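Remarks on the structure that follows.
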Amino acid sequence: MSSELLSGLQAGQPIPYGGNRISRVSTDLAEAFVEGDRLVVVQTTGDLLHIPQAIGEVVDTAVSAAVEAFYALAGVSDQQITHFFDAFANALADDATFAAIAAANRADVAAAVGRGRQTGRLELGESMRAGMIEALQMWRDTRSGRSAQIGSLDHHGWSVQTWRGPLGVVGFVFEGRPNVFADACGVLRTGNSAVLRIGSDALDTARAIVDVALRPALADAGLPTGCVQLVDSVERAAGWALFADNRVGLAVARGSGQAVDQLGAVARQHGVPVSLHGTGGAWMVAGEDADADTFAAAVHNSLDRKVCNTLNVCCIVATRSVDLLPVFTAAVERAAEGRGVRPIIHQLTPDDPALATEWEWDTVPELAVVIVDSVEHAVELCNRYSPHFIASLISDDPRAHDAFYEAVDAPFVGNGFTRWVDGQYALGKPELGLSNWQSGRLFGRGAVLSGDSVYTVRLRAAVDDHSVRR
(Lines of atoms letter the chains of each structure in order from A; the text may use other names.)
(Lines give C-alpha, C1' and ligand atoms only; values in the text may rest on other atoms or scores of the structure.)
Protein backbone atom coordinates (compact mmCIF):
# COMPACT_ATOMS: atom_id res chain seq x y z
CA MET A 48 0.00 0.00 0.00
CA SER A 49 1.53 3.31 -1.08
CA SER A 50 1.25 6.51 0.94
CA GLU A 51 1.33 10.15 -0.04
CA LEU A 52 2.60 13.17 1.89
CA LEU A 53 0.11 15.80 2.90
CA SER A 54 1.00 18.92 0.91
CA GLY A 55 -1.90 21.21 1.77
CA LEU A 56 -5.31 21.63 3.36
CA GLN A 57 -8.53 23.22 2.21
CA ALA A 58 -10.91 25.24 4.37
CA GLY A 59 -13.87 23.08 5.34
CA GLN A 60 -12.02 19.86 4.46
CA PRO A 61 -13.38 16.96 6.56
CA ILE A 62 -10.84 15.16 8.76
CA PRO A 63 -12.05 11.88 10.32
CA TYR A 64 -11.22 11.15 13.96
CA GLY A 65 -12.28 8.75 16.69
CA GLY A 66 -13.47 6.19 14.15
CA ASN A 67 -16.79 7.81 13.27
CA ARG A 68 -16.54 11.58 13.75
CA ILE A 69 -15.34 14.47 11.62
CA SER A 70 -13.51 17.74 12.23
CA ARG A 71 -13.28 20.39 9.56
CA VAL A 72 -10.24 22.43 8.62
CA SER A 73 -10.53 26.10 9.55
CA THR A 74 -9.64 28.87 7.15
CA ASP A 75 -6.68 29.92 9.29
CA LEU A 76 -5.29 26.38 9.38
CA ALA A 77 -5.74 25.93 5.64
CA GLU A 78 -3.88 29.15 4.92
CA ALA A 79 -1.04 28.40 7.35
CA PHE A 80 -0.40 24.78 6.36
CA VAL A 81 2.24 24.27 3.66
CA GLU A 82 4.11 21.31 2.23
CA GLY A 83 6.51 19.85 4.78
CA ASP A 84 4.28 20.68 7.75
CA ARG A 85 2.58 18.02 9.87
CA LEU A 86 -1.02 17.67 11.03
CA VAL A 87 -1.76 15.81 14.25
CA VAL A 88 -5.38 14.79 14.65
CA VAL A 89 -6.23 14.22 18.32
CA GLN A 90 -8.39 11.12 18.19
CA THR A 91 -10.22 11.83 21.45
CA THR A 92 -11.30 15.40 20.70
CA GLY A 93 -10.83 16.02 17.00
CA ASP A 94 -8.38 18.87 17.65
CA LEU A 95 -6.32 19.60 14.55
CA LEU A 96 -2.78 20.47 15.62
CA HIS A 97 -0.49 22.15 13.11
CA ILE A 98 3.27 21.49 13.43
CA PRO A 99 5.20 23.73 11.01
CA GLN A 100 8.22 22.09 9.41
CA ALA A 101 10.69 24.48 11.03
CA ILE A 102 9.42 23.71 14.53
CA GLY A 103 9.42 19.99 13.80
CA GLU A 104 13.06 20.25 12.77
CA VAL A 105 14.01 22.07 15.99
CA VAL A 106 12.43 19.30 18.06
CA ASP A 107 13.90 16.55 15.88
CA THR A 108 17.39 17.99 16.37
CA ALA A 109 16.95 18.13 20.16
CA VAL A 110 15.59 14.58 20.41
CA SER A 111 18.33 13.23 18.12
CA ALA A 112 20.98 14.79 20.35
CA ALA A 113 19.31 13.33 23.44
CA VAL A 114 19.15 9.85 21.87
CA GLU A 115 22.85 10.01 21.01
CA ALA A 116 23.64 11.22 24.53
CA PHE A 117 21.59 8.41 26.08
CA TYR A 118 23.72 5.78 24.39
CA ALA A 119 26.91 7.66 25.29
CA LEU A 120 25.89 7.74 28.97
CA ALA A 121 26.48 3.99 29.14
CA GLY A 122 30.21 4.76 29.03
CA VAL A 123 30.07 7.52 31.64
CA SER A 124 31.00 6.87 35.28
CA ASP A 125 28.70 7.49 38.22
CA GLN A 126 31.33 9.90 39.56
CA GLN A 127 30.99 12.04 36.43
CA ILE A 128 27.23 12.28 36.91
CA THR A 129 27.77 13.19 40.57
CA HIS A 130 30.24 15.86 39.48
CA PHE A 131 27.67 17.31 37.08
CA PHE A 132 25.08 17.82 39.81
CA ASP A 133 27.70 19.39 42.08
CA ALA A 134 28.92 21.73 39.34
CA PHE A 135 25.37 22.74 38.39
CA ALA A 136 24.50 23.47 42.03
CA ASN A 137 27.70 25.48 42.53
CA ALA A 138 27.00 27.54 39.41
CA LEU A 139 23.55 28.50 40.72
CA ALA A 140 25.04 29.29 44.12
CA ASP A 141 27.64 31.62 42.60
CA ASP A 142 26.28 35.17 42.68
CA ALA A 143 28.22 36.31 39.62
CA THR A 144 26.92 33.39 37.57
CA PHE A 145 23.39 33.72 38.88
CA ALA A 146 23.27 37.42 38.04
CA ALA A 147 22.75 36.62 34.35
CA ILE A 148 19.91 34.23 35.20
CA ALA A 149 18.29 36.75 37.54
CA ALA A 150 18.46 39.46 34.86
CA ALA A 151 16.82 37.18 32.30
CA ASN A 152 14.14 36.25 34.80
CA ARG A 153 13.37 39.89 35.62
CA ALA A 154 12.89 40.52 31.91
CA ASP A 155 10.62 37.47 31.59
CA VAL A 156 8.54 38.60 34.57
CA ALA A 157 8.21 42.14 33.22
CA ALA A 158 7.13 40.85 29.81
CA ALA A 159 4.61 38.49 31.40
CA VAL A 160 3.15 41.31 33.50
CA GLY A 161 2.84 43.38 30.33
CA ARG A 162 0.78 40.57 28.78
CA GLY A 163 -1.45 40.41 31.84
CA ARG A 164 -0.07 37.04 32.94
CA GLN A 165 0.28 35.80 36.52
CA THR A 166 3.91 35.57 37.58
CA GLY A 167 3.93 33.91 41.00
CA ARG A 168 5.41 30.67 39.65
CA LEU A 169 7.69 32.43 37.16
CA GLU A 170 9.69 34.59 39.58
CA LEU A 171 13.08 33.00 40.31
CA GLY A 172 13.72 34.59 43.69
CA GLU A 173 16.05 33.51 46.46
CA SER A 174 13.64 30.88 47.77
CA MET A 175 13.31 29.16 44.40
CA ARG A 176 17.05 29.49 43.81
CA ALA A 177 17.78 27.81 47.15
CA GLY A 178 15.31 25.05 46.32
CA MET A 179 17.00 24.39 42.98
CA ILE A 180 20.42 24.20 44.63
CA GLU A 181 19.07 21.86 47.30
CA ALA A 182 17.47 19.62 44.67
CA LEU A 183 20.70 19.33 42.70
CA GLN A 184 22.63 18.54 45.86
CA MET A 185 20.08 15.85 46.68
CA TRP A 186 20.73 14.25 43.30
CA ARG A 187 24.46 14.64 43.85
CA ASP A 188 24.19 12.66 47.08
CA THR A 189 21.72 10.05 45.77
CA ARG A 190 23.13 6.60 45.10
CA SER A 191 23.30 5.68 41.43
CA GLY A 192 20.38 3.66 40.14
CA ARG A 193 21.54 3.24 36.55
CA SER A 194 22.03 -0.50 36.83
CA ALA A 195 21.09 -2.59 39.83
CA GLN A 196 20.10 -6.22 40.27
CA ILE A 197 16.65 -6.46 41.81
CA GLY A 198 16.01 -10.20 41.67
CA SER A 199 17.12 -13.61 40.43
CA LEU A 200 15.76 -17.10 39.87
CA ASP A 201 17.95 -20.22 39.73
CA HIS A 202 17.17 -23.12 37.41
CA HIS A 203 19.00 -26.40 36.88
CA GLY A 204 22.14 -25.41 35.00
CA TRP A 205 21.20 -21.78 34.46
CA SER A 206 19.69 -18.70 36.10
CA VAL A 207 17.80 -15.52 35.26
CA GLN A 208 18.61 -12.16 36.83
CA THR A 209 16.32 -9.12 36.92
CA TRP A 210 17.99 -5.75 36.55
CA ARG A 211 16.97 -2.12 36.62
CA GLY A 212 18.15 -0.15 33.63
CA PRO A 213 17.82 3.31 32.08
CA LEU A 214 14.62 4.03 30.19
CA GLY A 215 15.89 6.37 27.47
CA VAL A 216 14.92 9.91 26.49
CA VAL A 217 12.48 11.67 28.83
CA GLY A 218 10.52 14.52 27.25
CA PHE A 219 9.22 17.31 29.47
CA VAL A 220 6.67 20.00 28.71
CA PHE A 221 6.13 22.29 31.66
CA GLU A 222 4.78 25.71 32.52
CA GLY A 223 6.93 28.72 33.34
CA ARG A 224 8.58 27.39 36.49
CA PRO A 225 12.37 27.61 36.14
CA ASN A 226 12.99 25.30 39.10
CA VAL A 227 11.76 22.33 37.05
CA PHE A 228 15.22 22.32 35.47
CA ALA A 229 16.73 20.99 38.68
CA ASP A 230 13.96 18.42 39.08
CA ALA A 231 14.13 17.20 35.49
CA CYS A 232 17.91 16.80 35.51
CA GLY A 233 17.40 14.09 38.10
CA VAL A 234 16.77 11.59 35.29
CA LEU A 235 20.51 11.65 34.58
CA ARG A 236 21.07 9.89 37.89
CA THR A 237 19.36 6.81 36.44
CA GLY A 238 21.18 7.10 33.12
CA ASN A 239 18.45 8.82 31.11
CA SER A 240 18.68 11.94 28.95
CA ALA A 241 16.11 14.74 28.86
CA VAL A 242 14.49 17.13 26.38
CA LEU A 243 12.73 20.11 27.96
CA ARG A 244 10.17 22.46 26.46
CA ILE A 245 9.33 25.32 28.84
CA GLY A 246 6.45 27.78 28.57
CA SER A 247 7.09 30.94 26.56
CA ASP A 248 6.90 33.14 29.68
CA ALA A 249 10.10 31.60 31.06
CA LEU A 250 12.05 30.81 27.90
CA ASP A 251 14.69 33.51 28.32
CA THR A 252 15.23 32.42 31.92
CA ALA A 253 15.66 28.86 30.69
CA ARG A 254 18.13 29.96 28.03
CA ALA A 255 20.21 31.73 30.65
CA ILE A 256 20.21 28.69 32.96
CA VAL A 257 21.41 26.51 30.07
CA ASP A 258 24.07 28.97 28.89
CA VAL A 259 25.71 29.93 32.17
CA ALA A 260 25.06 26.94 34.46
CA LEU A 261 23.75 23.75 32.86
CA ARG A 262 25.88 23.44 29.74
CA PRO A 263 29.13 24.41 31.56
CA ALA A 264 28.36 21.81 34.26
CA LEU A 265 27.90 19.11 31.62
CA ALA A 266 31.21 20.05 30.01
CA ASP A 267 33.02 20.21 33.34
CA ALA A 268 31.83 16.68 34.16
CA GLY A 269 32.69 15.34 30.71
CA LEU A 270 29.07 14.44 29.93
CA PRO A 271 27.60 14.59 26.43
CA THR A 272 26.02 18.00 25.75
CA GLY A 273 22.88 16.24 24.52
CA CYS A 274 22.12 14.88 28.00
CA VAL A 275 19.77 17.78 28.69
CA GLN A 276 18.31 19.58 25.70
CA LEU A 277 16.18 22.73 25.71
CA VAL A 278 13.71 23.04 22.85
CA ASP A 279 14.30 26.66 21.91
CA SER A 280 10.84 27.62 20.71
CA VAL A 281 7.97 29.67 22.07
CA GLU A 282 5.41 27.79 19.97
CA ARG A 283 3.01 25.30 21.54
CA ALA A 284 3.55 23.16 18.45
CA ALA A 285 7.00 22.32 19.82
CA GLY A 286 5.35 20.43 22.68
CA TRP A 287 3.11 18.54 20.28
CA ALA A 288 6.10 17.62 18.11
CA LEU A 289 8.08 16.42 21.13
CA PHE A 290 5.29 14.19 22.42
CA ALA A 291 4.64 12.84 18.92
CA ASP A 292 8.25 11.61 18.61
CA ASN A 293 8.22 7.88 19.35
CA ARG A 294 11.92 7.94 20.24
CA VAL A 295 10.83 9.49 23.55
CA GLY A 296 10.70 6.81 26.25
CA LEU A 297 8.50 8.80 28.64
CA ALA A 298 6.56 12.03 28.14
CA VAL A 299 6.01 14.18 31.24
CA ALA A 300 3.59 17.11 31.09
CA ARG A 301 3.00 19.72 33.77
CA GLY A 302 0.67 22.66 33.45
CA SER A 303 -3.02 23.49 33.12
CA GLY A 304 -5.54 20.67 32.84
CA GLN A 305 -6.80 21.07 29.26
CA ALA A 306 -3.37 21.62 27.73
CA VAL A 307 -1.93 18.68 29.64
CA ASP A 308 -4.81 16.42 28.58
CA GLN A 309 -4.20 17.35 24.94
CA LEU A 310 -0.47 16.63 25.23
CA GLY A 311 -1.22 13.30 26.85
CA ALA A 312 -3.55 12.34 24.01
CA VAL A 313 -0.87 13.22 21.45
CA ALA A 314 1.70 11.07 23.25
CA ARG A 315 -0.59 8.08 23.69
CA GLN A 316 -1.67 7.91 20.07
CA HIS A 317 1.99 7.97 19.02
CA GLY A 318 2.83 5.09 21.35
CA VAL A 319 4.71 7.19 23.89
CA PRO A 320 4.11 6.38 27.59
CA VAL A 321 2.98 9.49 29.43
CA SER A 322 2.88 10.84 32.96
CA LEU A 323 0.51 13.78 33.34
CA HIS A 324 0.57 16.38 36.08
CA GLY A 325 -2.24 18.76 35.22
CA THR A 326 -5.35 19.33 37.31
CA GLY A 327 -4.60 19.95 40.97
CA GLY A 328 -6.33 21.17 44.08
CA ALA A 329 -6.56 19.52 47.49
CA TRP A 330 -9.69 18.59 49.42
CA MET A 331 -10.01 18.85 53.19
CA VAL A 332 -12.76 17.44 55.40
CA ALA A 333 -13.56 18.64 58.93
CA GLY A 334 -15.14 15.73 60.80
CA GLU A 335 -17.61 15.78 63.68
CA ASP A 336 -14.84 15.68 66.28
CA ALA A 337 -12.45 18.05 64.52
CA ASP A 338 -10.47 20.26 66.89
CA ALA A 339 -11.08 23.90 65.94
CA ASP A 340 -7.45 25.00 66.44
CA THR A 341 -6.12 22.04 64.44
CA PHE A 342 -8.61 22.78 61.67
CA ALA A 343 -7.66 26.47 61.59
CA ALA A 344 -3.96 25.67 61.37
CA ALA A 345 -4.51 23.08 58.62
CA VAL A 346 -6.52 25.53 56.52
CA HIS A 347 -4.14 28.44 57.02
CA ASN A 348 -1.02 26.39 56.31
CA SER A 349 -2.55 25.03 53.09
CA LEU A 350 -2.94 28.49 51.53
CA ASP A 351 0.50 30.09 51.57
CA ARG A 352 0.64 30.04 47.74
CA LYS A 353 -1.21 28.56 44.77
CA VAL A 354 0.27 25.34 43.49
CA CYS A 355 -1.24 21.93 42.79
CA ASN A 356 -1.31 20.91 46.47
CA THR A 357 -3.04 24.07 47.73
CA LEU A 358 -6.38 23.68 49.51
CA ASN A 359 -9.12 23.97 46.90
CA VAL A 360 -12.31 22.55 48.46
CA CYS A 361 -13.15 22.26 52.14
CA CYS A 362 -16.01 20.09 53.43
CA ILE A 363 -17.50 20.73 56.88
CA VAL A 364 -19.99 18.30 58.40
CA ALA A 365 -23.35 19.92 59.12
CA THR A 366 -23.29 19.21 62.86
CA ARG A 367 -20.16 21.39 63.18
CA SER A 368 -20.98 24.06 60.61
CA VAL A 369 -22.09 26.68 63.15
CA ASP A 370 -18.75 26.74 64.97
CA LEU A 371 -16.30 25.58 62.25
CA LEU A 372 -17.46 27.69 59.30
CA PRO A 373 -16.36 30.91 61.07
CA VAL A 374 -13.08 29.19 61.97
CA PHE A 375 -12.58 28.30 58.32
CA THR A 376 -13.37 31.83 57.13
CA ALA A 377 -11.04 33.39 59.69
CA ALA A 378 -8.18 31.06 58.71
CA VAL A 379 -8.61 31.87 55.02
CA GLU A 380 -8.78 35.59 55.76
CA ARG A 381 -5.60 35.34 57.84
CA ALA A 382 -3.83 33.69 54.91
CA ALA A 383 -5.02 36.48 52.63
CA GLU A 384 -4.04 39.22 55.07
CA GLY A 385 -0.42 38.19 54.71
CA ARG A 386 -0.76 39.20 51.06
CA GLY A 387 -2.69 42.37 51.76
CA VAL A 388 -5.82 41.13 50.00
CA ARG A 389 -9.32 39.82 50.70
CA PRO A 390 -9.94 36.15 49.81
CA ILE A 391 -12.61 34.75 47.51
CA ILE A 392 -14.65 32.00 49.16
CA HIS A 393 -17.29 30.14 47.15
CA GLN A 394 -19.91 28.58 49.43
CA LEU A 395 -21.31 25.76 47.30
CA THR A 396 -24.03 23.17 47.68
CA PRO A 397 -23.23 19.44 47.46
CA ASP A 398 -24.83 19.17 44.02
CA ASP A 399 -22.95 22.11 42.47
CA PRO A 400 -20.70 21.01 39.55
CA ALA A 401 -18.37 23.88 40.49
CA LEU A 402 -16.96 21.52 43.10
CA ALA A 403 -14.90 20.13 40.21
CA THR A 404 -13.26 23.51 39.57
CA GLU A 405 -9.62 24.11 40.39
CA TRP A 406 -9.59 27.73 41.54
CA GLU A 407 -6.54 29.30 39.95
CA TRP A 408 -5.09 32.31 41.75
CA ASP A 409 -1.81 34.15 42.00
CA THR A 410 -2.23 36.72 44.78
CA VAL A 411 -5.83 36.48 46.01
CA PRO A 412 -6.59 33.12 47.70
CA GLU A 413 -9.66 31.52 46.14
CA LEU A 414 -11.32 28.28 47.21
CA ALA A 415 -14.68 26.63 47.92
CA VAL A 416 -16.45 25.40 51.03
CA VAL A 417 -19.39 23.00 51.19
CA ILE A 418 -21.51 21.76 54.09
CA VAL A 419 -21.94 17.97 54.02
CA ASP A 420 -24.07 15.49 55.94
CA SER A 421 -21.12 13.39 57.12
CA VAL A 422 -17.52 12.42 56.42
CA GLU A 423 -18.89 9.64 54.23
CA HIS A 424 -20.86 12.23 52.25
CA ALA A 425 -17.66 14.29 51.84
CA VAL A 426 -15.81 11.23 50.55
CA GLU A 427 -18.60 10.60 48.04
CA LEU A 428 -18.29 14.17 46.75
CA CYS A 429 -14.50 13.97 46.68
CA ASN A 430 -14.59 10.76 44.66
CA ARG A 431 -17.11 12.32 42.26
CA TYR A 432 -15.77 15.85 41.77
CA SER A 433 -12.14 16.05 42.82
CA PRO A 434 -9.12 15.31 40.61
CA HIS A 435 -8.45 12.27 42.83
CA PHE A 436 -5.30 13.85 44.13
CA ILE A 437 -5.02 15.02 47.77
CA ALA A 438 -7.47 14.42 50.61
CA SER A 439 -7.10 15.42 54.25
CA LEU A 440 -9.33 14.60 57.22
CA ILE A 441 -9.30 16.68 60.39
CA SER A 442 -10.47 14.38 63.16
CA ASP A 443 -9.30 13.03 66.51
CA ASP A 444 -10.73 9.56 65.84
CA PRO A 445 -8.12 7.04 64.57
CA ARG A 446 -10.89 4.75 63.28
CA ALA A 447 -12.34 7.61 61.27
CA HIS A 448 -8.94 8.16 59.66
CA ASP A 449 -8.62 4.48 58.77
CA ALA A 450 -12.11 4.46 57.23
CA PHE A 451 -11.34 7.70 55.36
CA TYR A 452 -8.10 6.30 53.95
CA GLU A 453 -9.84 3.16 52.72
CA ALA A 454 -12.78 5.01 51.14
CA VAL A 455 -11.27 8.08 49.48
CA ASP A 456 -9.86 7.57 45.99
CA ALA A 457 -6.67 9.61 46.21
CA PRO A 458 -2.95 8.76 46.23
CA PHE A 459 -2.10 11.35 48.90
CA VAL A 460 -4.06 11.17 52.17
CA GLY A 461 -3.27 13.05 55.39
CA ASN A 462 -4.61 14.47 58.63
CA GLY A 463 -3.59 18.12 58.41
CA PHE A 464 -2.25 20.71 55.99
CA THR A 465 -2.18 19.67 52.32
CA ARG A 466 1.02 21.34 51.18
CA TRP A 467 3.14 18.40 52.41
CA VAL A 468 2.53 16.70 49.07
CA ASP A 469 5.87 17.37 47.40
CA GLY A 470 8.60 14.92 46.49
CA GLN A 471 11.45 17.11 47.66
CA TYR A 472 9.73 18.18 50.89
CA ALA A 473 8.18 14.85 51.88
CA LEU A 474 10.53 12.23 50.46
CA GLY A 475 13.82 14.04 49.92
CA LYS A 476 13.52 13.34 46.19
CA PRO A 477 13.05 16.28 43.81
CA GLU A 478 9.95 15.47 41.81
CA LEU A 479 9.34 15.50 38.10
CA GLY A 480 5.68 15.82 38.92
CA LEU A 481 2.81 14.59 41.06
CA SER A 482 0.32 12.35 39.32
CA ASN A 483 -3.31 12.22 40.30
CA TRP A 484 -5.78 9.41 39.67
CA GLN A 485 -8.15 11.49 37.59
CA SER A 486 -7.62 9.22 34.59
CA GLY A 487 -7.29 6.00 36.55
CA ARG A 488 -5.05 4.64 39.27
CA LEU A 489 -1.36 4.27 38.57
CA PHE A 490 0.09 0.87 37.78
CA GLY A 491 3.17 -0.34 39.56
CA ARG A 492 4.56 2.95 40.90
CA GLY A 493 3.84 5.71 43.34
CA ALA A 494 2.22 9.00 42.52
CA VAL A 495 5.47 10.95 43.02
CA LEU A 496 7.51 10.71 39.82
CA SER A 497 11.17 11.44 40.51
CA GLY A 498 14.38 10.97 38.59
CA ASP A 499 15.22 7.68 40.28
CA SER A 500 11.81 6.19 39.43
CA VAL A 501 12.36 6.53 35.68
CA TYR A 502 13.72 3.12 34.73
CA THR A 503 12.95 -0.05 32.85
CA VAL A 504 13.49 -3.70 33.81
CA ARG A 505 15.83 -5.99 31.87
CA LEU A 506 16.60 -9.70 32.17
CA ARG A 507 19.97 -11.43 31.93
CA ALA A 508 20.43 -15.18 31.51
CA ALA A 509 23.52 -16.94 32.90
CA VAL A 510 23.88 -20.47 31.50
CA ASP A 511 26.34 -22.69 33.37
CA ASP A 512 25.42 -26.01 31.74
CA HIS A 513 25.33 -25.52 27.98
CA SER A 514 23.78 -28.94 27.48
CA VAL A 515 20.54 -27.53 28.88
CA ARG A 516 17.78 -27.04 26.33
CA ARG A 517 14.02 -26.54 26.42
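According to my numbering, the residues represented by the sequence shown are 48 to 517, in order. C-beta: ideal position from N, C-alpha, C; glycine also. Keep in mind that this is a model prediction, so the values were computed, not measured.
Opposing strand residues paired with residue i [DSSP bridges]
i	result
ARG168	BP columns for ARG168 are empty, so no partner.
MET331	CYS361, SER439
GLY480	LEU496
ARG505	TRP210
PRO63	ILE69
ARG301	HIS324
VAL160	Answer is none; VAL160 lacks a bridge partner.
VAL295	VAL216
Where residue i sits in the DSSP three-state scheme
i	result
ASN359	strand
LEU323	strand
VAL259	helix
VAL422	helix
GLU413	strand
HIS513	coil
PHE290	helix
ALA116	helix
PHE135	helix
VAL278	coil
PHE80	coil
PHE459	strand
GLY487	coil
VAL468	coil
PRO445	helix
ASN348	coil
THR272	helix
LEU310	helix
GLN57	coil
SER174	helix
SER368	helix
SER433	coil
SER247	helix
LEU428	helix
LEU474	helix
LEU52	coil
Cβ-Cβ separation, residue j to residue i (assumed contact under 8 Å), whole Å
i	j	result
GLY204	ASP444	Not really, about 59 Å apart at Cβ, beyond 8 Å.
LEU323	TYR502	Not really, about 19 Å apart at Cβ, beyond 8 Å.
ALA229	PRO63	Not quite, the Cβ-Cβ distance comes to about 43 Å (not below 8 Å), so this is no contact.
ARG507	TRP287	About 38 Å separates the two Cβ atoms, so there is no contact after all.
ALA457	HIS435	5 Å
VAL87	ILE98	6 Å
GLY463	ALA345	5 Å
PRO390	GLU413	7 Å
ALA109	VAL242	5 Å
ARG294	VAL114	6 Å
Short CB-CB distance (under 8 Å) between residue i and chain D
i	result
LEU310	As a matter of chain content, chain D is missing from the structure shown, which is built from one protein chain.
Residue i vs residue j beta-carbon contact at 8 Å
i	j	result
CYS355	ALA116	no
GLY296	GLY498	no
ALA268	GLN127	yes
VAL468	ILE437	yes
ASN226	MET185	no
ALA415	LEU395	yes
LEU441	ALA337	It is Ile, not Leu, that sits at residue 441 in the sequence shown. Yes, Cβ-Cβ distance for ILE441 and ALA337 is below 8 Å.
VAL529	LEU496	For the chain, the structure presents residues 48 to 517; residue 529 sits outside this window and is missing.
VAL259	THR144	yes
ALA147	ALA255	yes
ASN359	GLY334	no
GLU384	GLY302	no
SER280	VAL388	no
ILE71	GLY83	Correcting the residue type first, residue 71 is Arg in the shown sequence and not Ile. No, these two residues do not count as a Cβ contact at 8 Å.
ALA138	PRO263	yes
Any non-hydrogen atom of the ligand GDP within 7 Å of residue i CB
i	result
THR189	This structure lacks the ligand GDP, and indeed carries no ligand of any kind.
Discussion item. For a minimum of 3 consecutive residues, which ranges assigned as the beta strand (DSSP E) are wholly contained in the stretch 192-245?
Written reply: 195-202, 205-212, 216-221, 240-245
Worksheet entry | Entirely enclosed alpha helix (DSSP H) segments - the stretch 86-130, minimum 4 residues | 100-120
Fill in: Continuous alpha helix (DSSP H) assignments of at least 4 residues falling wholly in the stretch 370-415
none
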